[in-house]
Every structure is written in C-alpha cells, then in structure tokens.
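Undergrad: Submitted below is the structure of interest, expressed as structure tokens.
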Amino acid sequence: QKEVEQNSGPLSVPEGAIASLNCTYSDRGSQSFFWYRQYSGKSPELIMFIYSNGDKEDGRFTAQLNKASQYVSLLIRDSQPSDSATYLCAVNGWKNKLVFGAGTILRVKS
Amino acid sequence: ETGVTQTPRHLVMGMTNKKSLKCEQHLGHNAMYWYKQSAKKPLELMFVYNFKEQTENNSVPSRFSPECPNSSHLFLHLHTLQPEDSALYLCASSQDLYSPGQPQHFGDGTRLSIL
Numbered sequence: 001q002k003e004v005e006q007n008s009g010p011l012s013v014p015e016g017a018i019a020s021l022n023c024t025y026s027d028r029g030s031q032s033f034f035w036y037r038q039y040s041g042k043s044p045e046l047i048m049f050i051y052s053n054g055d056k057e058d059g060r061f062t063a064q065l066n067k068a069s070q071y072v073s074l075l076i077r078d079s080q081p082s083d084s085a086t087y088l089c090a091v092n093g094w095k096n097k098l099v100f101g102a103g104t105i106l107r108v109k110s
Numbered sequence: 001e002t003g004v005t006q007t008p009r010h011l012v013m014g015m016t017n018k019k020s021l022k023c024e025q026h027l028g029h030n031a032m033y034w035y036k037q038s039a040k041k042p043l044e045l046m047f048v049y050n051f052k053e054q055t056e057n058n059s060v061p062s063r064f065s066p067e068c069p070n071s072s073h074l075f076l077h078l079h080t081l082q083p084e085d086s087a088l089y090l091c092a093s094s095q096d097l098y099s100p101g102q103p104q105h106f107g108d109g110t111r112l113s114i115l
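Chains as they are written, first to last, in my numbering: chain A, 1 to 110; chain B, 1 to 115.
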C-alpha cells in the first residue's frame, strides 16, 4: 500500500466550476497535511496546510481533513485556467518527514 | 534574492563526469533537503540536514554525495551516474525538524540528464 495515494488524473473541469482533489494516507499518526501546486517545469509551491479535522478556507481554496477516515481533500472554487497544474498532497510522517503523493493533474478548460 | 535558489537549472553530463548541484536558502531556515522527482513518480526524499548535520540518508546510492557547510547552503556531488538518475533534483528548506508541521519551501530544481 502506498503511503500517500492520489488519483493521477487528469481531472478536467470547466472554468468557474469547483475542482475537488482527494488524497488518502496510511500513517494514522500523521499530524500535518499539505497541498502543493506544481506547474510543469517548476518547483512545488505550498498553497494550503491543515492540522485539525474539518475545513480550512483560504480564498478560493478549502482544505478538508478527516483523520478518522485518513482522508484529506482540496477544493478549488471558481476554477481558472491558471489553476491547471499538478497538485501534490504531502503528509507529515515519521521523524517529521514529508511523504508526497504522486500528484493529480488538474486541467481547467475555458 | 529570496527563497530557495538552485544552480544550475539544467545539467547534461556523461556517466563518467563529476558535477555538483548547489542550493542556497535565504529564509533563515535550519533544515534542508534533497529530493528526486522522476516522471509520474512521487517526490523521493534523498537526504535531510538539520543544523548542518545529516539526519537522513534514504538509502541513496553512494554516487550521490551531499555536503552541508552551513545552514544556508547545500550541495549534491555527483559522480559515475547512471541513465536512471536522470530526473529533476529539488532542494527544499524548513524552519527545523523539531517543530511538527513545518512546511517545506522548494527551489526551482535542477533538471539532470545523463547521457
């Protein structure tokens, strides 16, 4: 079983729609969860982090965490073509190491 | 300069060459990391340094040799690489390893191609 799993996509959504990106993790002891955005040929850029169960909103982005289900998601409202990128889920694991998923490709069509 | 800077951005080398990748962070962080990113695979952690001391070597082949002279600089020395080592090599930094949940900030990476 992979430690952090994401659907590779691509996930295609029309401009203005809500994009929903999902991630599951295997380590029940994980405490911190991060979403990074990576444009092609660029480095990962931190866009959200969440530590507590529930929702955390930042602008058009909402991170959702359910530790009982070992599930974290990222919602992007009013999706724009500029949101097209690969979204990486990362989970804080043993010795404070970040474990990354393989990423979900998001395509927003205008 | 701000953030995490990596040089060179692109590197093509033969299997018998020796080269070095450089990373510099201007964030006042104490932990630095090397990652390897291959196509369609998760980021693979290679090495971790905290306050200049190596705390993690994730079973990386000895043809990769890291060096951390101070908390702001990190090098990855390369020698006798294999074609499968072609990848994007990313450097990252965070405040330290002791505070849980510290986000890591990445450089733009070095795209390495082995001929």
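Cβ atoms here follow ideal geometry from the backbone N, Cα and C, with glycine treated the same way.
If I measure Cβ to Cβ from B/K18 and keep anything under 6 Å in the same chain, skipping five residues before and after, which residues do I get?
TA: The residue given as residue 18 of chain B occupies position 18 in the second sequence. Contacts found: H79.
Undergrad: When you compare the CB positions of B/A87 and B/S20, do they come within less than 7 Å of one another, or not?
TA: For the purposes of this step, residue 87 of chain B is taken as residue 87 along the second sequence, with counting starting at 1. For the purposes of this step, residue 20 of chain B is taken as residue 20 along the second sequence, with counting starting at 1. No, they are not a contact pair.
Undergrad: With 7 Å as the threshold, decide whether the Cβ of B/D85 is near any Cβ in chain A.
TA: Here residue 85 of chain B is taken as the residue at index 85 of the second sequence, counted from 1. Residue-level contact by beta carbon fails for B/D85 and chain A, as no gap is shorter than 7 Å.
Undergrad: Can you find the residues in the same chain that come closer than 6 Å, C-beta to C-beta, to A/T62, ignoring five residues on each side of it along the sequence?
TA: Mapped onto the first sequence, residue 62 of chain A falls at position 62. Result list for A/T62: D55 and L75, in chain order.
Undergrad: Terminal residues of the continuous beta strand (DSSP E) containing A/D55?
TA: Along the first sequence, read from residue 1 onward, the residue named residue 55 of chain A stands at position 55. Element bounds for A/D55: G54 to D58.
Undergrad: If we ignore side chains and look at the alpha-carbon of each, how far apart do B/S71 and B/T7 end up?
TA: Position 71 of the second sequence, counted from the first residue, corresponds to residue 71 of chain B. Position 7 of the second sequence, counted from the first residue, corresponds to residue 7 of chain B. Spanning the two alpha carbons is a distance of roughly 17 Å.
Undergrad: Output needed in chain order: residues of the region 41-59 of chain A with a Cβ under 9 Å from some Cβ in chain B.
TA: G41, K42, S43, P44, E45, L46, F49 and Y51
Undergrad: Pick out whichever of B/V4, B/L27 and B/V12 has its Cα sitting closest to the Cα of B/S113.
TA: Looking up residue 113 of chain B in the second sequence gives position 113. Of the listed residues, the one whose Cα sits closest to B/S113 is B/V12.
Undergrad: Would B/F106 count as contacting chain A if we go by Cβ distances under 7 Å?
TA: In the second sequence, counting from the first residue as 1, residue 106 of chain B sits at position 106. It does: the Cβ of B/F106 has a partner Cβ on chain A nearer than 7 Å.
Undergrad: So A/V72 packs on A/Q64, CB below 8 Å; how close in whole Å?
TA: To locate residue 72 of chain A, count along the first sequence from 1; it is residue 72. To locate residue 64 of chain A, count along the first sequence from 1; it is residue 64. That pair is a contact at about 7 Å.
Undergrad: Report the neighbours of B/K41 on chain A: residues whose CB is nearer than 9 Å to its CB, in chain order.
TA: Within the second sequence, numbered from 1, the residue matching residue 41 of chain B stands at position 41. What B/K41 touches in chain A: A102.
Undergrad: What residues in its chain sit with their C-beta under 7 Å from that of B/F51, if we drop five residues either side in the sequence?
TA: In the second sequence, residue 51 of chain B corresponds to position 51, counting from 1. Here the set comprises N30 and S71.
Undergrad: Only counting the same chain, and skipping five residues up and downstream in sequence, which positions put a Cβ closer than 8 Å to that of A/A90?
TA: For this step, residue 90 of chain A is matched to residue 90 along the first sequence. Around A/A90: V4, F33, F34, W35, Y36, L98, V99, F100 and G101.
Undergrad: Does the ligand ATP have even one heavy atom less than 6 Å from the beta-carbon of B/S94?
TA: No copy of the ligand ATP appears in this structure; indeed no ligand is present at all.
Undergrad: Would you decide whether A/N66 is buried or exposed? Buried here means 16 or more other CB atoms lie within 10 Å of its CB.
TA: On the first sequence, position 66 is the one that residue 66 of chain A refers to. The residue in question, A/N66, is exposed, as its Cβ has fewer than 16 Cβ neighbours within 10 Å.
Undergrad: To which residues of the same chain is A/V13 closer than 8 Å at the C-beta, ignoring the five residues directly before and after it?
TA: For this step, residue 13 of chain A is matched to residue 13 along the first sequence. These residues qualify, in order along the chain: A19, S79, L106, R107, V108 and K109.
Undergrad: Give the single residue among B/P66, B/C68, B/L97 and B/P61 whose Cα lies nearest to the Cα of B/L81.
TA: Position 81 of the second sequence holds residue 81 of chain B. Ranking the options by Cα distance to B/L81, first place goes to B/P61.
Undergrad: Starting from B/P69 and walking both ways along the beta strand (DSSP E), at which residues does that stretch end?
TA: Working through the second sequence from its first residue, we reach residue 69 of chain B at position 69. F64 to N70 is the extent of the beta strand (DSSP E) around B/P69.
Undergrad: Within the same chain, show all residues whose beta-carbon is closer than 6 Å to that of A/N22, passing over the 5 residues directly before and after it, in chain order.
TA: Taking the first residue of the first sequence as 1, we reach residue 22 of chain A at position 22. Hits under 6 Å: S73.
Undergrad: Residues of chain A with CB closer than 9 Å to the CB of B/L45, please, in chain order.
TA: As a first step, residue 45 of chain B is located in the second sequence; it is residue number 45 there, counting from the start. Chain A residues near B/L45: K97, L98, V99 and F100.
Undergrad: Below 7 Å CB to CB, which residues in the same chain sit around B/G109 once its five sequence neighbours on both sides are set aside?
TA: For the purposes of this step, residue 109 of chain B is taken as residue 109 along the second sequence, with counting starting at 1. The beta carbon of B/G109 sits closer than 7 Å to those of Q6, L88, Y89 and L90, all from its chain and outside the five residues before and after it, given in chain order.
Undergrad: Whole-angstrom Cβ separation of B/G131 and A/Y51, contact assumed at under 8 Å?
TA: As displayed, chain B neither begins before 1 nor continues past 115, which places residue 131 of chain B out of reach and without an answer.
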